[in-house]
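I have placed the structure first, in the form of structure tokens, so that the comments after it can refer back to it.
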Amino acid sequence: MNKTITPNEYRQELRQRLLRIAMREFRSKGIKAVKMDDIANILSVSKRTMYETFENKEHLLMESVKAEYDGFDRHMQAFAAEKERHVIDFILETYRLHMESLEDTVPNYYADLRKYPEVLAWMEERHNEFQERTCRFFEEGVRQGYFRQDVNYELIYRVTTGSLIYIMENQMYKQYDLKQIFRDIVMLYFRGLCTKKGIIELDNQILALSQ
């Protein structure tokens, strides 16, 4: 017997569907090119329902970005719970997810984000919170023997984050392929932190991922 969906459950489900479609459209077309009405039409919902759920486009974008971040966290938690993992497993899974995301992302998405300072401020706050988790991740990698002991990981994190900020602020994604930027900077950065054991495992997993 089918379970009856309550009005509140329906609204929550609809909200999540709107967020998924919105982020897909924002990434594939650029934020500027997507209108609230476009999202409503895709899911055949009324303009009234759309604006009752999200007051404006910036609100929709903010909630879509938050949902994407939360979805990534949930995925990685489930990935960790499947079986015993080591740090290289997490690096490659993160790499795989980001490369999949960039496959369907146009450069205009990042250019358009610059016009939404509140969204950028929230993303920066999340990245600052992420720093503590990253430092613990590096410590665990050292303990497992995959990362080098002779590295100041806080310094490396700050320098690498600064490099990524420079790329975004100078819109280098308009000159270089997004996937190339992510692969060449982030993966080379991790490889330089690895011990011989870590390099072997990293290269083996990258090879397996490419096949």
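With full-length UniProt numbering, letter number 135 in the sequence shown gets 135, and the count goes up by one each step, no holes.
Even glycine gets a Cβ: it sits at the ideal position worked out from N, Cα and C.
- The DSSP-derived three-state label of F54 is coil.
- Taking C-beta atoms under 8 Å as the contact rule, T195 and F147 qualify, at a distance of about 7 Å.
- Take N108, set aside five residues on each side of it, and the residues of its chain with a beta-carbon closer than 8 Å to its own are K29, G30, I31, K32 and A33, in chain order.
- With respect to E58, L19 sits apart: the two C-beta atoms are not nearer than 8 Å.
- The Cβ neighbour count for Y10, taken over all protein chains shown within 10 Å, is under 16; the residue is labelled exposed.
- Annotation for G145: no alpha helix (DSSP H) segment contains it, and DSSP assigns it neither H nor E.
- Across the set V45, K66, L202 and M168, the C-alpha of M168 shows the shortest separation from the C-alpha of D112.
- Taking C-beta atoms under 8 Å as the contact rule, M172 and I185 fail to qualify, at a distance of about 10 Å.
- Annotation for G192: the continuous alpha helix (DSSP H) segment containing it runs L188 to L193.
- Here the alpha carbons of K47 and N41 stand approximately 9 Å from one another.
- Considering only V65, R74, E124 and A81, the residue with the shortest C-alpha distance to R27 is V65.
- DSSP places S28 within a helical segment (H, G or I) once states are collapsed to three.
- Counting along the chain, the unbroken alpha helix (DSSP H) around H98 starts and ends at V87 to E103.
- The three-state reading of DSSP puts I5 in coil, since its state is none of H, G, I, E or B.
- Taking each of R24, H98 and M50 in turn and checking the Cα distance to L14, the smallest one comes out for M50.
- With respect to L92, Q205 sits close: the two C-beta atoms are nearer than 8 Å.
- The Cβ atoms of V106 and G141 lie no closer than 8 Å to each other.
- Taking a 10 Å sphere around the C-beta of E84, we find fewer than 16 other C-beta atoms and assign the residue as exposed.
- For Y189, the closest C-alpha among the options I165, Y110 and I156 is that of I156.
- For the pair R96 and L209, the CB atoms are nearer than the 8 Å cut-off.
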